[in-house]
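In what follows, a structure is listed as structure tokens, so that the remarks can point back to it.
Number of protein chains: 2
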Amino acid sequence: MSKRTLKVAVLGLGTVGFGVPAILQEQKDKIEQTTEMKIVIAKALVRDVEVKKALAQKYHFQLVPDIKDIVQDPEIDVVVELIGGIEQARVFIKEALNACKHVVSANKDLIATYGEELTTLAKKQNVNFYYEAAVAGGIPILRTLSSSLSADGIYEVLGIVNGTTNHMLTQMMQKGATYDEALTSAQKLGFAEANPTNDVDGIDAAYKMVILSDFAYGMKISLDDIKIQGIRMLQSQDVKIADSLDYVFKLIGYSRKFDEGIDVAVAPALVHKNHQLANVNNEMNAVFVKSAEIGESMYYGPGAGSLPTAASVVADLIAIAQNVQHEVLGIPFNTYKKAKKLATDSQIRNQYYFHFEVLDGKKQFEQLKSLFAKAQIKIKQMIDYDPQVVVLTYAASAKRKKQFLKSIESTPGFELISVYNIFD
Amino acid sequence: MSKRTLKVAVLGLGTVGFGVPAILQEQKDKIEQTTEMKIVIAKALVRDVEVKKALAQKYHFQLVPDIKDIVQDPEIDVVVELIGGIEQARVFIKEALNACKHVVSANKDLIATYGEELTTLAKKQNVNFYYEAAVAGGIPILRTLSSSLSADGIYEVLGIVNGTTNHMLTQMMQKGATYDEALTSAQKLGFAEANPTNDVDGIDAAYKMVILSDFAYGMKISLDDIKIQGIRMLQSQDVKIADSLDYVFKLIGYSRKFDEGIDVAVAPALVHKNHQLANVNNEMNAVFVKSAEIGESMYYGPGAGSLPTAASVVADLIAIAQNVQHEVLGIPFNTYKKAKKLATDSQIRNQYYFHFEVLDGKKQFEQLKSLFAKAQIKIKQMIDYDPQVVVLTYAASAKRKKQFLKSIESTPGFELISVYNIFD
Chain A
1 MSKRTLKVAV LGLGTVGFGV PAILQEQKDK IEQTTEMKIV IAKALVRDVE VKKALAQKYH
61 FQLVPDIKDI VQDPEIDVVV ELIGGIEQAR VFIKEALNAC KHVVSANKDL IATYGEELTT
121 LAKKQNVNFY YEAAVAGGIP ILRTLSSSLS ADGIYEVLGI VNGTTNHMLT QMMQKGATYD
181 EALTSAQKLG FAEANPTNDV DGIDAAYKMV ILSDFAYGMK ISLDDIKIQG IRMLQSQDVK
241 IADSLDYVFK LIGYSRKFDE GIDVAVAPAL VHKNHQLANV NNEMNAVFVK SAEIGESMYY
301 GPGAGSLPTA ASVVADLIAI AQNVQHEVLG IPFNTYKKAK KLATDSQIRN QYYFHFEVLD
361 GKKQFEQLKS LFAKAQIKIK QMIDYDPQVV VLTYAASAKR KKQFLKSIES TPGFELISVY
421 NIFD
Chain B
1001 MSKRTLKVAV LGLGTVGFGV PAILQEQKDK IEQTTEMKIV IAKALVRDVE VKKALAQKYH
1061 FQLVPDIKDI VQDPEIDVVV ELIGGIEQAR VFIKEALNAC KHVVSANKDL IATYGEELTT
1121 LAKKQNVNFY YEAAVAGGIP ILRTLSSSLS ADGIYEVLGI VNGTTNHMLT QMMQKGATYD
1181 EALTSAQKLG FAEANPTNDV DGIDAAYKMV ILSDFAYGMK ISLDDIKIQG IRMLQSQDVK
1241 IADSLDYVFK LIGYSRKFDE GIDVAVAPAL VHKNHQLANV NNEMNAVFVK SAEIGESMYY
1301 GPGAGSLPTA ASVVADLIAI AQNVQHEVLG IPFNTYKKAK KLATDSQIRN QYYFHFEVLD
1361 GKKQFEQLKS LFAKAQIKIK QMIDYDPQVV VLTYAASAKR KKQFLKSIES TPGFELISVY
1421 NIFD
């Protein structure tokens, strides 16, 4: 008996789109055996059919210029959206879902923004809408959270989920590069774009934290719920001080539960060298999870790149093929849902790194200590870099931190240089 | 409408058996939402029903002394085998499968030995047989390999899959403990049993490598196909030398593909401090995977313990509940199958660490170099610890290594102290 075939149409043949047909061909035997189906790309939507002719010929698919050629084709089972951007991709995916096609996407911006609308539509249409590649490229973190950790109470997700900034921070830590040197190096290697805003300002990581929070806690949040701070203002001086105290700087996207509310943020933070995340270097990504039953676990791999990201897209295609094979209709990618609840400043707790300029020298140390005491923040370590001082604290609420920062602002003789969270 | 119920019987209420009802209760809401079913423990098989009475009362299940009370009960949907050992467990699982119960097991020895028989029977009976907890406790590595990495060509699996030995090696590396001190410490902390043979001699890790090789390559191997070397003979001296060369010693279970054949072994090895596995310390486990599409990925977490292991058992129960809910019959845990093929000594390649006693001092250095040259093994680094010498090599075949060891044996003036593989 000949195997059934899952016919796929790809929207966009960029970096990732290029990898999908390559993997389907390279891993053909394994895929056919595990799914008991053939997965073939039948069509690809491109703006200019002339440009991608060679690729289409190599992998035997048809190039089409109009989305109608795909959504109106009854033979197409799955649409893979790889064009990026938000509005156009949203329209295409809705057309595909309305035509009862399964959809796979790698588009984090779109899913972080319109994920709920699209998953609801997919459920109504009884089709699958999967997007493993949208977070941390080659790391199968979403499927792991929704299957293997579905029996666990997650309370902390710390992610190094942006390869560009992690590459830059690695250069700054290991080679003493300045921010500008690190950015130039990342751009030369193709990790950073000419306009690096989305990466260095933490927006890319924040989109991923929206999706991770959904899978970890079942809560739909938006970019507006996330405090976002990029690495643009990070000083070499703080990087060096951190190193001498056995910490590295990482751009951490964190999503943590305090009581029943969550706190989600992206910011540079000090990570202790003994922490698993401290060794995630260069363009690699990792997601570190704390949960009630398993305790600590971490998932490490490449966060971007043509083949790793395409591998996640193909894993989604395999999951769809298995559903089709077993006649299972429209299982949502993430079935866990809870009402959104954000933690308050009195609930959120962190350890902090404070770096001050002390204008009048030593005698003000005592005053600084009393300001911390007044805010009820306990000092763990105080290091004198005359005329500067660095203070590491024990965990204290965000409310107390804000009170303290206010009191420092109104006290003459101190100037706050920087403040960061610490992860031990 | 009231939810359907999945009724579970647990065989054995030891460490892991204790954790399963606890998690099912703690995570009840989340589990019911993601599966749209209730999962309840209805019965537990124990030798002495008096001993576990309090536990049974707390979680409202019935204690039974006879397996027939479970397999002949038409209300039981799933049997969770947690009694350990091989023969008795095999009989119970076969009875359960023959009675068309789904089965979950955490029994690596059994699965590494009779896995094929049991999976074949499960397939014939159209039921599920899952065993995520059998390898690396709380790390969801098997489901990840069989789902997310199902579209990838895996060619290397390196595992730190035994927590006892990893705890001991961490003590030896970080605190300069001897083997005996490290063993006593592990026993005191409850990580090592009074008779530590299975752990320190690498047998526990080897069982896990049987199962990992099946999931990575689809190949069914047995313990006899694995070269097994434990940590009993590891010298503090080698640990210190490795440290000075920026390596740590880890008990590595490796399963690697050379051309189409695989080489599977368990042995202490030098792992470079920059390698992700080097930072996996104490009783933690990790599995590091190299594959054609994703490249490098790693999965880190607790390898044992009541709750982490029980969390994997419950993840299996959830997968079964979802199959039942969607009326999907008997999907094998791992659908990838290939004929077993072992790599030959000429195909297997490694970098090596050699440690010799040189009886006649310096003048024999040249002779040593010429013996390496004769065996066509390239020297990367040669370090003089007069009257001893350590040589790190570039990659060479196992065949050349064996030739070299033979020539050393027959050459007067040299004594081999140790030889280990290196993972950079």
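As given, the protein sequences belong to chains A and B, one line each in that order.
With the first letter of the first sequence counted as 1, position 97 gets the number 97 in our numbering; the numbers rise by one all the way through.
Just remember that our numbering sits 1000 ahead of the position in the second sequence, which is counted from 1.
Even for Gly, the Cβ is constructed at its ideal location relative to N, Cα and C.
Fair warning: this is a prediction, and the values are worked out from it, not measured in the lab.
| Check | Outcome |
| --- | --- |
| Sheet register partners of B:K1257 (DSSP bridge) | B:I1262 |
| Distance, B:K1175 Cα to B:A1269 Cα | 19 angstroms |
| Expected contact under 8 angstroms - CB spacing of B:A1265 and B:Y1254 to nearest Å | 6 angstroms |
| 8 angstroms Cβ cutoff met for B:A1192 and B:L1183 | yes |
| Cβ pair A:I231, A:L212 closer than 8 angstroms | no |
| Interface partners of A:N128 on chain B, CB under 7 angstroms | What A:N128 touches in chain B: nothing, since even the nearest Cβ is about 12 angstroms away. |
| For A:K53 and A:L149, the rounded distance between their alpha carbons | 43 angstroms |
| Chain B contact for A:N162 (CB, 8 angstroms cutoff) | no |
| For A:N166 and A:V280, believed in contact at Cβ under 8 angstroms, the rounded distance | 7 angstroms |
| N- and C-terminal bounds of the beta strand (DSSP E) containing A:V80 | 78-81 |
| Bridge partner(s) assigned by DSSP for B:Q1347 | According to DSSP, which records beta bridges pairwise, B:Q1347 is partnered with nothing at all. |
| Per-residue burial, B:A1044 [other beta carbons within 10 Å of its own, 16 or more giving buried] | buried |
| CA-to-CA distance, A:P332 to A:M1, given in whole angstroms | At A:M1 the pLDDT is 48, less than 50, meaning the model places this residue with poor confidence and gives no usable figure here. |
| Identity of the residue in B:I1070, B:Y1114, B:L1145 nearest A:G138 by Cα | B:L1145 |
| Paired residues, beta bridge with B:G1301 - DSSP | B:N1285 |
| Helix, strand or coil at A:Q62 [DSSP, three-state] | strand |
| A:I76 vs A:L11 beta-carbon contact at 8 angstroms | no |
| Unbroken alpha helix (DSSP H) run spanning B:I1379, endpoints | First-last for B:I1379: 1379-1385, but that is the beta strand (DSSP E), not the alpha helix (DSSP H). |
| Three-state secondary structure (DSSP) of A:K369 | helix |
| Where the alpha helix (DSSP H) containing B:L1183 begins and where it ends | 1179-1188 |
| Short-range partners of chain A found in the stretch 1323-1348 of chain B, where Cβ spacing is below 9 angstroms | N1323, H1326, E1327, V1328, L1329, I1331, N1334, T1335, Y1336, K1337, K1338 |
| Beta-bridge pairing of A:K38 - partner residues as DSSP gives them | A:T5 |
| Whether B:Y1059 touches B:I1039 by CB criterion (8 angstroms) | no |
| Distance between beta carbons of B:Y1420 and B:Y1353, contact taken as under 8 angstroms | 5 angstroms |
| Endpoints, alpha helix (DSSP H) assigned at B:H1167 | 1163-1175 |
| CB contact check: B:D1152 to chain A, cutoff 8 angstroms | yes |
| Chain-ordered chain B contacts of A:R143 [CB-CB under 9 angstroms] | R1143, T1144, S1147, S1148 |
| Segment contact, 8 angstroms Cβ cut-off, at least three pairs: the stretch 102-113 of chain A with the stretch 125-132 of chain A | yes |
| Which of helix, strand or coil DSSP assigns to B:Y1394 | coil |
| Cβ-based neighbour list, A:A310, same chain, cut-off 6 angstroms, excluding 5 preceding and 5 following | V16, G19, V20, I23 |
| Residues of the stretch 1278-1299 of chain B with Cβ closer than 9 angstroms to any Cβ of chain A, in chain order | A1278, N1279, V1280, N1281, M1284, A1286, F1288, V1289, S1291, A1292, E1293, I1294, G1295, E1296, S1297, M1298, Y1299 |
| B:I1408 beta carbon less than 8 angstroms from that of B:T1393 | no |
| Residue burial classification, A:K108 (beta-carbon count within 10 angstroms, cutoff 16) | buried |
| Where A:G115 sits in the DSSP three-state scheme | helix |
| Where the stretch 1017-1051 of chain B meets chain A: residues whose CB sits under 7 angstroms from a CB there | I1023, E1026, Q1027, K1030, I1031, Q1033, T1034 |
| Nearest to A:D263 (by Cα), restricted to the options A:Y207, A:D345, A:F404, A:F61 | A:D345 |
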